[in-house]
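Residues in the sequence shown are numbered consecutively from 479, following the numbering used here. Ideal placement from N, C-alpha and C gives every residue a C-beta, glycine not left out. Notes follow once the structure below has been shown.
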Amino acid sequence: MPIIVNVDVMLATRKMRSNELAERIGMTTANLSILKTGKAKAIRFSTLEAICEVLECQPGDILEYVPE
C-alpha cells in the first residue's frame, strides 16, 4: 500500500505508549494497532485530528505517500 502510517514514529518521538494514545483519543488499542500496521482501509478526519492534537503534530507527520 502506498500510504504509510507513521504513528509509531510520532509515539517514539513524544515518548508515549500506544495504550496511552488510544485512551486519550477514545479509540480501542486494537483499532489503533490496525491503524499503526497499515491494515486500516480508512481513517476519519476526527480521528486524525485527535491524534494530531494529542501528539502535537501535523497530518503529514503521520501519513506519508510512497509510490510502489
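Cα-Cα separation between residue i and residue j, rounded to whole angstroms
i: residue 520; j: residue 532; result: 20 Å
i: residue 525; j: residue 545; result: 25 Å
Sequence-distant residues of its chain with Cβ nearer than 6 Å to residue i (five each side left out)
i: residue 502; result: 532
i: residue 518; result: 512
i: residue 528; result: 503
Proximity winner among the options, relative to residue i (alpha-carbon distances)
i: residue 507; options: 540, 497, 480, 514; result: 497
Contact set for residue i: own chain, Cβ-Cβ below 8 Å, skip 5 residues either direction
i: residue 516; result: 479, 481, 482, 483
Proximity below 8 Å, CB of residue i to CB of residue j
i: residue 489; j: residue 500; result: no
Cutoff 8 Å: residue i Cβ touching any chain C Cβ
i: residue 485; result: Although the question refers to chain C, the structure presented lacks it and comprises just one protein chain.
Neighbourhood of residue i by C-beta distance below 7 Å, restricted to the same chain and skipping five residues each side
i: residue 492; result: 533
i: residue 541; result: 481, 483
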